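From first to last, the protein sequence lines are chains U and X.
Under this note's numbering, the first residue of the first sequence carries the number 55, and numbering increases by one thereafter.
Under this note's numbering, the first residue of the second sequence carries the number -6, and numbering increases by one thereafter.
Backbone N, C-alpha and C fix where the C-beta goes; we use that ideal spot for every residue, glycine too.
From a predicted model like this one, the values you see are computed outputs, not experimental measurements.
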Amino acid sequence: MISALTHYPSRSRMPAVDPERVPMDERALVQQAQRGDVRAFEALYHALSSRVFALCLRMCGDRDAATEALQDVFVRVWERLGQFRGESTFATWVHRVCVNQLLEQRRSDARRDARVVSMDPTDLPHAGHNAAGDVDIRFDLDHALPRLSDGARRVFVLHDMQGYASDEIARLLGLSESTVRVQLHRARKQLMELLQR
Amino acid sequence: MTDHLSWDTINIIADGRVPSAPESAHLADCVDCRMQLAALRALLGAAQQAPVAIDPPVDAWARIQRAIDEQKTVPLPRHTSSARHVRMSHRSLGAAAVLLIAVSSAVTAVVLRGPRADNTPAAPRGAEDGATAMLVSDIGAIEQEYLSSASTLRAALDQERPALAPATVALVERNLRIIDDAIAEARAALIRDPASAALRALLRKSHEQKIDFLRRTTALLHEA
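Written out as structure tokens, the structure reads:
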């Protein structure tokens, strides 16, 4: 019924949406949810939660924090549903709310700076080997990400996995663009070292 | 070019910048730099192809629903582009509604008890017409104190109205109807029993509750 919702473009592929082309199911569900229909909102949640959770997991670095972040994101989405005007897909709008929430949470939660992260390998999907028999780098990447510092991981996920431009990240994080680039290059270096071990 | 390319340069090239002629020449000659660039490109390729979906814990929705239920937060639209976060809980409105219902019930109770319930003497039968005429202006004087404030607050609330979710508008209007009914009941009872001090007080109280409700509701919207 809501398969159209699962199209979840990365930041670099976020088009403005022609309202005529938005699937009726999505529009109807969003409108119902905007009127306070929790069941419609649940349907929207089930369509988008795995993608939002993947982002939360990568940005937060551990499952408990990611689960908490997922909850915060969807509660905020619920609260702000009325602000959704259909100018982008609902998935894109939720993605923006998610990124803002995750970054805002970082700013307000000083504990995260001191947290030593560890990610349970069972949290991550698609463990496997590539055609050459080597361990799939995608699998290793998700295991290596939690070992980065919070700042480096965040910049890497936003830039290299979500497609945000450096200047956008700088604005979101309140950093200079050069600082973002330094963090990004450092993150890539660390990841390559971790993946080569 | 004898020195290796810097890590920053390799990153910039991996991000899509065309290497300069000396950089290209170095890459052609230097296996280390070429391998670093290839490894970085592989990392970026893997990052872009990483799975976009990971299933959350199965009980995650239950937690979210519980949080929504506990807050009873209603989605509130904004028609402006303002980033102001509008948030009004059913709990806040519910508290106001409880007050209104209490007032309404109190008025109803007094009315149902009859005009003598407050032990004040009834107006003489023959003097009813004159008393009623006097009472109308009397009630008008009482209500005049409140109508201006209520009207101002109502206008402020009406300004927010287009930005409110239909469910919220319905809730606010329902509560206002309750208190308007209470005012109407108090007014009608006072007309029937103009000498009742209790009904006079209830009429005042009902107006005060309306103003209080309007003030609280408007304040909640402004605070959010």
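The region 3 to 19 of chain X and the region 83 to 94 of chain U do not touch, with fewer than 3 CB-CB distances between them shorter than 8 Å. It is roughly 21 Å from the alpha-carbon of X:A158 to the alpha-carbon of U:A145.
An exposed status is given to U:S232, since fewer than 16 other beta-carbon atoms sit within 10 Å of its beta-carbon.
Put simply, the CB of U:Y99 is near chain X, with a gap under 8 Å to one of its CB atoms. With the criterion set as a beta carbon lying under 9 Å from some beta carbon of chain X, the members of the region 93 to 121 of chain U are F95, E96, Y99, H100, S103, S104, R105, V106, F107, A108, L109, C110, L111, R112, R117, A120, T121, in sequence order. With distances taken between CA atoms, X:Q29 lies nearest to X:I3 out of X:I3, X:A43, X:I47. In the three-state DSSP reduction, U:H239 falls in the helix class (H, G or I). Under the 8 Å criterion on CB atoms, U:D221 is classed as non-interfacial with respect to chain X. Out of X:T210, X:L146, X:I184, X:A156, the CA that lies nearest to the CA of U:Q137 is found in X:A156. For U:R207, the enclosing alpha helix (DSSP H) has its first and last residue at 204 to 210. Under the DSSP assignment, U:M113 falls in the alpha helix (DSSP H) whose first and last residues are 92 to 114.
Nearest in C-alpha terms to U:P200, of all of U:L245, U:V236, U:G140, is U:L245. Judged by DSSP in its simplified three-state form, X:C26 adopts helix. Nearest CB-CB separation between U:V129 and chain X: below the 8 Å threshold. DSSP, read as helix, strand or coil, puts X:I47 in coil. Straight-line spacing of the CA atoms in X:A182 and X:E136 works out to 15 Å. In the DSSP assignment, X:S189 falls outside any alpha helix (DSSP H), carrying neither H nor E. Annotated as distal: U:L98 and U:L157, with beta-carbon spacing of 8 Å or more.
Excluding its 5 nearest sequence neighbours in each direction, X:K203 has C-beta neighbours in its own chain below 6 Å: A143, I172, listed in chain order.
Of the residues assessed, U:H100 falls on the exposed side of the cut-off, its CB having fewer than 16 other CB atoms within 10 angstroms.
Within the model, the alpha-carbon separation for X:E63 versus U:K243 is close to 45 Å. In the three-state DSSP reduction, X:S144 falls in the helix class (H, G or I). Taking the beta carbon of X:R56 as reference, the chain U residues within 7 Å of it are Q125, listed in sequence order. X:A53 reaches chain U at Y99, S103, F107, T121, L124, Q125, F128, counting residues in chain order whose Cβ is nearer than 9 Å.
Contact fails between the region 104 to 113 of chain U and the region 27 to 42 of chain X, because fewer than three Cβ pairs, one in each stretch, are under 8 Å apart. In this structure, DSSP gives X:D173 a helical state, which the three-state scheme calls helix. Around X:L192, the same chain offers V103, A179, A182, L183, D186 as residues with beta carbons nearer than 7 Å, after the five sequence neighbours per side are excluded. Counting the other Cβ atoms within 10 Å of the Cβ of U:G228 gives fewer than 16, which makes it exposed. For X:L36, at least one C-beta of chain U is nearer than 8 Å to its own C-beta. In this structure, X:A149 is the residue among X:A188, X:S17, X:L196, X:A149 with its C-alpha nearest to the C-alpha of X:R209.
According to the DSSP assignment, X:D1 belongs to the alpha helix (DSSP H) that extends over 0 to 7. For U:R134, the uninterrupted alpha helix (DSSP H) segment begins and ends at 117 to 134.
When 7 Å is used as the limit between beta carbons, U:R242 is near these residues of chain X: N4, L33, L36, in chain order. Scanning chain X for C-beta atoms nearer than 8 Å to the C-beta of U:H239 yields W0, D1, N4, reported in chain order. With a contact defined as Cβ atoms closer than 8 Å, U:V129 and X:A60 qualify at about 5 Å. With respect to U:V131, U:V151 sits close: the two C-beta atoms are nearer than 8 Å.
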